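**Student:** First, the structure itself, so that you have it in front of you.
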Amino acid sequence: DTGVSQNPRHKITKRGQNVTFRCDPISEHNRLYWYRQTLGQGPEFLTYFQNEAQLEKSRLLSDRFSAERPKGSFSTLEIQRTEQGDSAMYLCASSSEGSEQFFGPGTRLTVL
Amino acid sequence: DQQVKQNSPSLSVQEGRISILNCDYTNSMFDYFLWYKKYPAEGPTFLISISSIKDKNEDGRFTVFLNKSAKHLSLHIVPSQPGDSAVYFCAASEAGGGADGLTFGKGTHLIIQP
């Protein structure tokens with residue numbers, strides 16, 4: 004399967020814990036995006052990378068959120084000191100120059 | 274402040290008839306628009322897009338219409354099929370080709386009745 008993959012698919016954590024999600028984009032795609040989707044809403048853009056450079060991070064929800072793409076391939080999204088309001092689906096997408104964004108299946112986070 | 278609005282949370286259409294999903298936007302800087310389809314437990318899947326320099330784009334059963342003066346776009350599906358039952362999201366971008374982050378509407382749940 005050559006689509007976007009995300010791991011884990013589900014994560015349950017306790018409030019205050021740190022969590023990290025991984026996204027593997029389509030191999031030839033140089034752009035990678037993170038979104039958050041809460042119940043009844045559309046995906047909300049968080050940040051994006053072109054190769055290893057993070058070109059937009061002002062939309063990250065707070066300083067508890069950070070993302071990396073160290074070698075321009077896979078990416079991680081970390082949430083520190085999780086809160087119940089962080090419970091959501093976290094989506095990753097990738098694209099190449101001039102192409103639409105292809106989404107992964109998402110990681111569902113539940114903060115207890 | 275919703276910059277992309279899908280005012281119909283759900284829409285029910287009989288199989289074989291036309292489905293029309295609507296989307297309005299407020300940001301005049303948007304110049305590229307997309308429709309995504311989402312099944313439960315899956316990520317959104319790209320359907321069709323349109324640049325602001327066009328007013329119509331067609332791909333098989335799917336046609337997107339853009340009315341820039343009204344800041345309105347619509348997705349037409351004809352004929353509707355049972356597999357079209359899903360949530361449809363309208364999305365927009367300020368950068369050409371959607372290279373930056375997309376702004377999504379809340380989605381419309383399309384139900385195709387047999």
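Residue numbers (this note's numbering), protein chains in the order written: chain U, 4 to 115; chain Z, 274 to 387. The beta-carbon is built from N, C-alpha and C at its ideal position, and this holds for glycine as well. Here the structure is a predicted model, which is why all the values come from computation and not from measurement.
1) What is the rounded straight-line gap between the Cα of Cys-95 (chain U) and the Cα of Glu-367 (chain Z)?
2) Counting only runs that start and end within the region 328-364 of chain Z, where is the beta strand (DSSP E) found for 3 or more residues in a row?
3) What's the C-alpha gap between Lys-17 (chain U) and Leu-35 (chain U)?
4) Hey, out of Z:Tyr-298, Z:Ile-293, Z:Ser-292, whose CA is closest to Ala-343 (chain Z)'s CA?
5) Using 8 Å as the limit for Cβ to Cβ distance, is Pro-317 (chain Z) near chain U?
6) For Lys-379 (chain Z), decide whether its Cβ has a neighbour in chain U, counting only Cβ atoms nearer than 8 Å.
7) Taking the straight line between their C-alpha atoms, what separation do you get for Phe-335 (chain Z) and Leu-348 (chain Z)?
8) Just to make sure I have the definition right: I need the residues of chain Z whose C-beta is within less than 8 Å of the C-beta of Tyr-51 (chain U). Which are they?
9) If you run the structure through DSSP and keep just helix, strand and coil, what is Gln-276 (chain Z)?
10) Here's a check: name, in chain order, each residue in its chain whose Cβ is nearer than 7 Å to the Cβ of Gln-87 (chain U), leaving out the five neighbours to either side.
11) Starting from the C-beta of Lys-327 (chain Z), find all residues in its chain whose C-beta is less than 8 Å away, skip the five residues before and the five after it, and write them out in chain order.
12) What did DSSP end up calling Gln-40 (chain U) once you bin it into helix, strand or coil?
13) Within 10 angstroms of the Cβ of Gly-356 (chain Z), are there 16 or more other Cβ atoms? Answer buried if so, exposed if not.
**Tutor:** Looking at the coordinates:
1) 20 Å
2) 329-332, 335-340, 345-350
3) 28 Å
4) Z:Tyr-298
5) yes
6) yes
7) 7 Å
8) Asp-373, Gly-374
9) coil
10) Arg-18, Val-114
11) Leu-339
12) strand
13) exposed
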